[in-house]
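Straight run, no breaks: the sequence shown in this note's numbering ends on number 476. Quick reminder that beta carbons are idealized off the backbone N, C-alpha and C, glycines included. What you are looking at is a predicted structure, and each value in this text was computed from that prediction instead of being measured.
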Amino acid sequence: MHNKLLKQVYSPSEFNAHGHALIDQLTNHLECKLFNRSKKAIAWNTPNEELQFWKDFLVHGDKNNLFEQITQHTTHIHHPNYMGHQVTPPAPITALSGLISSLLNNGTAVYEMGMASNAIERIITEKLCNKLGFGPQSAGFLTSGGTLANLTALLSARKAIASTDIWNKGMANQLGVMVSEEAHYCIDRAERIMGLGEQGIIKIPVTANFAMDTNLLSTRFDEAKANGIEVFAIIGSAPSTATGIFDNLKKIASFAKEKKIWFHVDGAHGGAGIFSEKYKFTVEGIEHADSVVIDGHKMMMMPALTTALLFKDEVNAKTTFSQKADYLLSDSEHEDWYNSGKRTFECTKNMMAIHWFTLMKYYGEDVFDAYVTELYDKGKLFAGLIDQEPNFEVAVPPMSNIICFRYCSSSLNVTQENAINAKIRQSLLEDGEFYIVQTTLSGKLYMRITVMNPFTDINHFKQLIQKIKSYL
Ligand SMILES: *Cc1c(COP(=O)(O)O)cnc(C)c1O
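What follows is the structure, encoded as structure tokens:
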């Protein structure tokens, strides 16, 4: 009985039949969504309705409808009216490299369990280091998401800079990290995981334009020092998630150099700007970073999760999780770049390198320039349309494809305005034709879009604004 069941599970012909049917179904999905033949970017359900649907489906649903139902019950990232969170509509070819990764399941941690993916990862990370402007000592690896990559970078920084051997001996003194108050919440989380506590998270206020106020760095550093805090790193956001505004990486770099602390760039979203001829100025100064994070699943058209963590000096990539100091590593330990698991937080990880390689091989590196440039251009376009609307304002002129905007009126106070903006956003969600999100900045509630789909154009923007006005 069991044998029979397992034979069925592994039946190549069943795989083939389901596979062809699925590709047909997903092709249809892509055609409908990309070219706007279907009206909705999201078929909104309340959490409880959704839970009940899947409970019922497990018992009564037809398995031949399973993949179709999963597809319908998702947020349709390939729809041009999807302008929500910063997840990319993956290039369809990378869904195929995802299929290979899933079926072959090479764990990549040791060379023997991922020969191709380890070698390819080396090529990809070398290319990225070059593009960043790092020198020959640089190297990196891929890991599962920006959150984990930021934590890993801070662990590397601590190992490289802190005056005591925390990895082996535990915390001895109060450490601290400087970061913009607008940084992604995962930085705060990483610092708490590392035992820095609230007092070790030195939040630097932002300017009126939502960038880290670099004029405050010296004072805040001195204050921390006077309070017995050993600051070992400073983080620049490129850009910060809520506003899409880039910190001044050049200024932060020279501050880090002066204080001899680690300079980390969280480029989860905008690190991909290194590929854009037109917009690489946004990350000027990134070449001075000790470590940089870039998400493949945000601005590089790849399926989640795949994140590059790149180091100016390979030694730091190698020693983060090692009990020994760098000078105690044997020559063979120094050399074995091909055992990825020694450097990453994960043990098993999927064959994420193949997405990068597949895109480069099929379409060339220019595809990354094309994508970033197109979307940043569209960000400006949308902001321009909002500027023309009498009762709407943007929080700040965009530097990327993220735009925060809101309805405002001289006859209303901020609380009333916030309520209206929240209501508009909720109405949009329940309607489902568009998908956008919201954020609060300095007490004001903004609607927020991130243009992630190159097929989103001025007409979609105009229809969105029209729809928003219809709720007023
Ligand atoms: C998205 C994002 C992260 C988190 O990355 P994940 O891949 O979602 O874990 C971190 N920092 C910034 C600036 C981001 O935009």
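Those residues which DSSP pairs with residue i across a bridge
i       : result
Leu-313 : Phe-145, Val-297
Ser-241 : Asp-270
Lys-207 : Val-183
Ile-46  : Thr-79
Phe-236 : Answer is none; Phe-236 lacks a bridge partner.
Met-216 : Val-210
Glu-318 : In DSSP, Glu-318 forms no bridge with anything.
Ile-407 : Ile-453
Tyr-86  : Tyr-439
Glu-397 : Arg-410
Alpha carbon of residue i to alpha carbon of residue j, nearest angstrom
i       : j       : result
Ile-128 : Asn-231 : 43 Å
Ile-290 : Trp-341 : 24 Å
Asp-192 : Ile-205 : 7 Å
Lys-163 : Ile-256 : 21 Å
Pro-93  : Thr-348 : 27 Å
Met-305 : Ile-358 : 13 Å
Ser-404 : His-6   : 55 Å
Pro-209 : Val-183 : 9 Å
Cys-36  : Lys-207 : 45 Å
Ser-17  : Asn-32  : 23 Å
Ser-105 : Ser-142 : 27 Å
Glu-185 : Gln-56  : 40 Å
Cys-412 : Lys-353 : 47 Å
Leu-1   : Val-63  : Because the chain here runs from 5 to 476, residue 1 falls outside it and cannot be looked at.
Gly-275 : Glu-393 : 32 Å
Glu-195 : Ala-157 : 11 Å
Pro-96  : Thr-147 : 22 Å
Gly-201 : Ile-298 : 26 Å
Leu-30  : Ile-74  : 11 Å
Ser-43  : Thr-444 : In the sequence on display, residue 43 carries Lys and not Ser. Taking the straight line joining both Cα atoms gives about 29 Å.
Phe-61  : Pro-458 : 35 Å
Thr-245 : Cys-408 : 11 Å
Gly-345 : Ser-446 : 42 Å
Asn-172 : Asn-320 : 16 Å
Ile-46  : Leu-468 : 14 Å
Asn-425 : Phe-396 : 11 Å
Ile-453 : Ile-165 : 38 Å
Phe-39  : Ser-167 : 57 Å
Tyr-366 : Ser-101 : 12 Å
Beta-carbon contacts of residue i that lie in its chain and below 8 Å, excluding the five residues immediately before and after
i       : result
Ala-308 : Val-91, Gly-149, His-301
Ala-120 : Asn-110, Met-355, Ile-358
Ile-428 : Tyr-411, Met-451, Ile-472, Tyr-475, Leu-476
Asn-463 : none
Glu-54  : His-77
Thr-79  : Ala-45, Ile-46, Tyr-86, Gly-88, Tyr-439
Own chain residues within Cβ distance below 6 Å of residue i, not counting five before or after
i       : result
Lys-264 : none
Phe-465 : Phe-386, Leu-389
Phe-138 : Lys-316
Leu-152 : Phe-349
Leu-103 : none
Glu-434 : Trp-48
Ser-431 : Tyr-475
Leu-379 : Asn-405, Val-455
Cys-351 : Ala-113, Gly-345
Phe-259 : Leu-221
Lys-229 : none
Close-in-space but distant-in-sequence residues of the same chain around residue i (CB under 7 Å, 5 per side omitted)
i       : result
Asn-422 : Lys-448, Leu-449
Leu-197 : Note that residue 197 is Ile in the sequence shown, not Leu. Closer than 7 Å at Cβ, skipping near neighbours: Leu-155.
Pro-401 : Ala-387
Lys-382 : Asn-405, Val-455, Thr-460
Val-296 : Leu-136, Val-269, Gly-271, Gly-275, Ile-290, Leu-314
Gly-144 : Thr-129, Leu-132, Cys-133, Ala-312, Leu-313, Leu-314, Phe-315, Ala-321
Minimum Cβ-Cβ distance from residue i to chain B less than 9 Å
i       : result
Ile-424 : Included in the structure is just one protein chain, with no chain B present.
Meets three-Cβ-pair contact criterion under 8 Å: the segment 241–252 and the segment 210–228: The segment 241–252 makes contact with the segment 210–228: 3 or more CB pairs, one atom from each, lie closer than 8 Å.
Residue ranges of each alpha helix (DSSP H) within the segment 411–458, 4 or longer: For the segment 411–458, whole alpha helix (DSSP H) runs of length 4 or above, ordered along the chain, are 418–435.
The segment 221–237 contacting the segment 373–381, beta-carbon criterion three pairs below 8 Å: Flag = no, the segment 221–237 and the segment 373–381 do not touch.
Entirely enclosed beta strand (DSSP E) segments - the segment 107–158, minimum 3 residues: Listed in chain order, they are 143–147.
The segment 123–143 touching the segment 311–323, judged by at least three CB pairs closer than 8 Å: In this structure the segment 123–143 touches the segment 311–323; the number of beta carbon pairs closer than 8 Å is three or more.
Validate contact between the segment 280–289 and the segment 425–439 using beta carbons, cut 8 Å, 3 pairs: Judged by Cβ distances under 8 Å, the segment 280–289 makes no contact with the segment 425–439, as fewer than three pairs qualify.
Contact the segment 231–245 vs the segment 175–182: 3+ CB pairs below 8 Å: The segment 231–245 vs the segment 175–182: in contact.
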